[in-house]
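2 protein chains.
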Amino acid sequence: MAANHETRTRRRLSTAERREQLLTVGARLFSENPYDEVWIEQVAEIAGVSRGLLYHYFPTKRDFFAAVVERESERMLCLTAAVPGVPVREQLTAGLDTYLDHVRTHAHGYRAFHRADAAGDQAVRRVYQRALAAQEEQILAALAADPEFGPLFEERADVRLAVRGWLAFITAVCLEWLRDSDLSRDQVRDLCARALLGVVSPPG
Amino acid sequence: MAANHETRTRRRLSTAERREQLLTVGARLFSENPYDEVWIEQVAEIAGVSRGLLYHYFPTKRDFFAAVVERESERMLCLTAAVPGVPVREQLTAGLDTYLDHVRTHAHGYRAFHRADAAGDQAVRRVYQRALAAQEEQILAALAADPEFGPLFEERADVRLAVRGWLAFITAVCLEWLRDSDLSRDQVRDLCARALLGVVSPPG
DNA sequence: CACTTTACTTGACGCCGGTTCAACAACGGG
DNA sequence: CCCGTTGTTGAACCGGCGTCAAGTAAAGTG
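Protein chains in written order, with full-length UniProt numbering: chain L, 1 to 204; chain E, 1 to 204.
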């Protein structure tokens with residue numbers, strides 16, 4: 001019946017471990033169902049704990065969702081750290097490879113994270129927007145430091161908007177790629193790289 | 001107290017009118033709040049009707065949301081009809097102008113529509129995906145018919161994914177543009193046009 | 001092996017929003 | 001003017017969220 005009653009007897013974990021486990025279960029459920037179709041009851045059952053315990057770790061369902069989103073955003077920000085001195089064109093390839101590997105590895109978390117965009121309330125959105133803004137800043141900084149793209153910032157007021165749009169481009173491509181990956185990682189990487197270069201370069 | 005009790009007495013509308021009114025109210029609310037923060041009660045109160053009436057027009061809250069999304073998708077598809085024979089580069093400018101005007105005019109509906117992406121269940125997503133797929137097809141057809149971009153389809157397997165990503169690009173840019181429009185419509189249009197041409201052209 | 005600590009369970013409860021349904025009232029035809 | 005149709009109402013029901021107090025048992029400590 002209950003699939004996850006680990007060896008039939010309940011186990012006592014450290015707060016950090018339990019929290020981590022609950023967030024992982026949450027990521028999976030929020031990845032597969034919209035927010036209001038995920039019951040706290042369901043999360044507890046899969047985790048093999050009682051409903052009450054979830055409210056011990058997270059005040060409300062919304063806070064739980066926010067925690068899932070925040071945890072994924074932290075994971076992601078570590079990936080996109082810019083490397084000073086290296087040309088953008090080279091950083092881009094390496095950075096996208098890392099990013100795409102992460103997407104495939106943490107598919108559930110990635111999908112759950114991007115649900116915050118349209119399904120979250122004010123607080124959840126704030127977490128989401130902060131994460132996107134941080135990525136945006138890193139990319140803008142990398143572009144500004146590059147001799148090829150730096151000069152753009154003096155004449156183009158839309159670079160920020162372009163980068164934001166590009167982030168949405170990547171997200172959509174990756175989410176579709178996860179649904180059915182009939183393209184290789186390298187093909188997706190080249191597509192995304194071409195997209196950024198195309199949008200921050202003058203028309204050819 | 002109740003702001004919209006039209007001349008203090010309740011009015012009896014035709015089915016079509018009432019339905020239209022409810023969808024308009026819904027578009028506004030779903031535009032400003034995430035799905036589960038919109039109460040059916042609230043919709044009814046603003047429309048000046050009872051909660052029960054909403055369930056007379058729409059079986060469930062989800063169906064109501066789906067109807068809002070569907071109505072907006074229908075509006076949008078009329079805009080993006082391709083004009084055969086005209087080069088893509090020209091169609092793009094005119095098409096984007098129309099699109100951006102529509103976005104500004106129906107800001108509420110536009111925002112509500114794109115909430116379906118992450119907030120909707122299976123049925124709602126299906127409506128949303130069908131609308132996006134239709135736009136995708138129109139763009140792909142226009143590209144394939146153009147002597148400049150047509151040949152691409154024989155060697156590039158990622159064109160479809162590229163177009164899908166570009167739609168996400170436009171959406172993100174427009175939603176941000178609606179939040180605070182410090183750029184002119186023409187600037188946004190050029191940015192979006194450059195994005196498509198950059199991603200479907202070989203790297204320069 | 002006690003004994004303390006603290007993760008964890010249990011079950012009952014109030015609340016609130018979605019959903020149902022029988023009755024009501026406004027309009028149109030006879 | 002009556003009557004059927006149908007837009008519309010109001011209240012009750014249901015189920016998940018969130019609370020709480022009391023208790024249970026698994027780990028660490030001596």
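Where a beta carbon is used, it is the ideal one built from N, C-alpha and C, also for glycine.
This structure is a prediction, so every number in the text was calculated from the model and none was measured.
Inset, instruction - Kindly provide the ranges of any alpha helix (DSSP H) runs that are 4 or more residues long and lie completely inside the segment 55-126 of chain L, ordered along the chain. - result: 61-79, 88-105, 107-119
Inset, instruction - Indicate the three-state DSSP secondary structure (helix, strand or coil) for residue 2 of chain L in the structure shown. - result: Counting from one through the first sequence, the residue named residue 2 of chain L turns up at place 2. The predicted model places residue 2 of chain L with a pLDDT of 35, which falls under 50 and marks its position as unreliable; any figure quoted below should be read in that light. Coil at residue 2 of chain L, not helix or strand.
Legend entry - the segment 180-193 of chain E touching the segment 85-104 of chain E, judged by at least three CB pairs closer than 8 Å: yes
Inset, instruction - In the DSSP assignment, find the unbroken alpha helix (DSSP H) run with residue 13 of chain L in it and report its ends. - result: Along the first sequence, read from residue 1 onward, the residue named residue 13 of chain L stands at position 13. Where residue 13 of chain L is concerned, there is no enclosing alpha helix (DSSP H), given that its DSSP letter is neither H nor E.
Legend entry - Candidates L:198, L:28, L:33, L:23: closest to residue 122 of chain E by CA position: The residue labelled residue 122 of chain E in the question sits at position 122 within the second sequence. Ranking the options by Cα distance to residue 122 of chain E, first place goes to L:33.
Inset, instruction - Sort L:37, L:197, L:158 by Cα distance to residue 120 of chain E and report the nearest one. - result: Locating residue 120 of chain E in the second sequence gives position 120, where the first residue counts as 1. Looking at the Cα atoms, L:37 is the closest of the given residues.
Legend entry - Element boundaries [alpha helix (DSSP H), containing residue 194 of chain E]: Taking the first residue of the second sequence as position 1, residue 194 of chain E is located at position 194. Per DSSP, residue 194 of chain E belongs to the alpha helix (DSSP H) from 185-200.
Legend entry - Residues near residue 96 of chain L by beta carbon distance below 7 Å, same chain, minus five either side: On the first sequence, position 96 is the one that residue 96 of chain L refers to. Only 189, 192, 193 meet the Cβ criterion.
Inset, instruction - Measuring only between beta-carbons, confirm whether residue 59 of chain E sits less than 9 Å from chain L. - result: Position 59 of the second sequence, counted from the first residue, corresponds to residue 59 of chain E. It does not: the Cβ of residue 59 of chain E has no partner Cβ on chain L nearer than 9 Å.
Legend entry - Chain-ordered chain L contacts of residue 187 of chain E [CB-CB under 8 Å]: Residue mapping note: residue 187 of chain E aligns to position 187 of the second sequence, counting from 1. The answer, in chain order, is 157, 158.
Inset, instruction - Tell me whether residue 182 of chain L is buried or exposed, calling it buried when 16 or more other Cβ atoms sit within 10 Å of its Cβ. - result: Here the question's residue 182 of chain L lines up with position 182 in the first sequence. With fewer than 16 other Cβ atoms within 10 Å, it is exposed.
Legend entry - Short CB-CB distance (under 9 Å) between residue 199 of chain L and chain E: Working through the first sequence from its first residue, we reach residue 199 of chain L at position 199. So yes, residue 199 of chain L belongs to the interface.
Inset, instruction - Determine, using beta carbons only, whether residue 80 of chain E comes closer than 9 Å to chain L. - result: Sequence index remark: in the second sequence, residue 80 of chain E carries index 80 (1-based). So no, residue 80 of chain E is outside the interface.
Inset, instruction - Kindly say whether residue 93 of chain L, judged by its beta-carbon, lies nearer than 9 Å to any beta-carbon of chain E. - result: For the purposes of this step, residue 93 of chain L is identified with residue 93 of the first sequence, where counting begins at 1. Residue 93 of chain L does not count as touching chain E.
Legend entry - Rounded C-alpha distance that separates residue 101 of chain L from residue 72 of chain L: As a first step, residue 101 of chain L must be located in the first sequence, where it is residue number 101. As a first step, residue 72 of chain L must be located in the first sequence, where it is residue number 72. Taking the straight line joining both Cα atoms gives about 14 Å.
Legend entry - For residue 12 of chain E and residue 23 of chain L, the rounded distance between their alpha carbons: Sequence index remark: in the first sequence, residue 23 of chain L carries index 23 (1-based). Sequence index remark: in the second sequence, residue 12 of chain E carries index 12 (1-based). Residue 23 of chain L and residue 12 of chain E: Cα-Cα distance of roughly 50 Å.
Legend entry - Sequence-distant residues of its chain with Cβ nearer than 7 Å to residue 195 of chain E (five each side left out): Against the second sequence, residue 195 of chain E aligns to sequence position 195. Only 166, 169 meet the Cβ criterion.
Legend entry - residue 169 of chain L at chain E interface by Cβ criterion, 9 Å: By one-based count along the first sequence, residue 169 of chain L stands at place 169. Answer yes: the Cβ-Cβ gap between residue 169 of chain L and chain E drops below 9 Å somewhere.
Legend entry - residue 145 of chain L and residue 82 of chain L closer than 9 Å at C-beta: Along the first sequence, read from residue 1 onward, the residue named residue 145 of chain L stands at position 145. Along the first sequence, read from residue 1 onward, the residue named residue 82 of chain L stands at position 82. In this structure, residue 82 of chain L lies closer than 9 Å to residue 145 of chain L by Cβ.
Inset, instruction - Along the alpha helix (DSSP H) that carries residue 160 of chain E, what are the first and last residues, could you check? - result: Residue 160 of chain E sits at position 160 when you count from the first residue of the second sequence. First-last of the alpha helix (DSSP H) with residue 160 of chain E: 159-179.
Legend entry - Cross-chain neighbours of residue 121 of chain L in chain E, by beta carbon under 7 Å: By 1-based counting over the first sequence, the position of residue 121 of chain L is 121. Correct list: 34, 37.
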